[in-house]
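Trainee: Take this structure first; my questions come after.
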Amino acid sequence: MAEQANKSKKKRPTAQKREIQNLKRRMINKSHKSYIRTTIRGLEESLTEKQAENSQSFLNKLFSLYDKGVKKGIIKQNKANRKKAQYSKLIKAS
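Numbering (my numbering) for the sequence shown: 35 to 128.
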């Protein structure tokens with residue numbers, strides 16, 4: 035009885051394929067989110083150093099990354115809109 039409990043069921047080929055696809059997608063999504071965080075750090079640094087041109091280019095890049103994230107299904111639409119409004123408000127204030 036104990037020997038049967040230790041045996042795991044063999045995965046079907048489609049389940050194995052889905053697992054591989056999920057791992058690949060997870061890595062892609064993780065790298066995209068990391069790139070967004072890096073761009074945000076660059077934007078915040080340029081705001082503290084009062085570099086208007088540099089901060090505007092970071093903002094444009096950030097908007098593009100959020101839009102692409104929404105298109106790919108990595109980020110929800112409402113979160114992207116909220117963050118874009120938040121950072122554009124910061125730019126206008128500085």
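Just so you know, even glycine gets a beta-carbon here, dropped at the ideal spot from N, CA and C.
Just so it is clear, the structure is predicted and the values come from calculations on it, not from any experiment.
#1: Expressed to the nearest angstrom, what Euclidean distance is found between the alpha-carbon atoms of Lys-105 and Leu-99?
#2: Which residues mark the beginning and the end of the alpha helix (DSSP H) in which Lys-113 is found?
#3: Residue range of the alpha helix (DSSP H) that Ala-102 falls in?
#4: Under three-state DSSP, which class holds Arg-71?
#5: Taking Gly-103 and Ala-114 to be in contact with their CB atoms under 8 Å, please state how far apart those CB atoms are, rounded to whole angstroms.
#6: Counting Cβ pairs, one atom from each stretch, are 3 or more of them under 8 Å apart for the stretch 83–96 and the stretch 50–63?
Mentor: In this structure, then:
#1: 10 Å
#2: 111–127
#3: The identity of residue 102 in the sequence shown is Lys, whereas the question assumes Ala. Taken as a continuous stretch (DSSP letters only), the alpha helix (DSSP H) holding Lys-102 covers 86–106.
#4: helix
#5: 7 Å
#6: no
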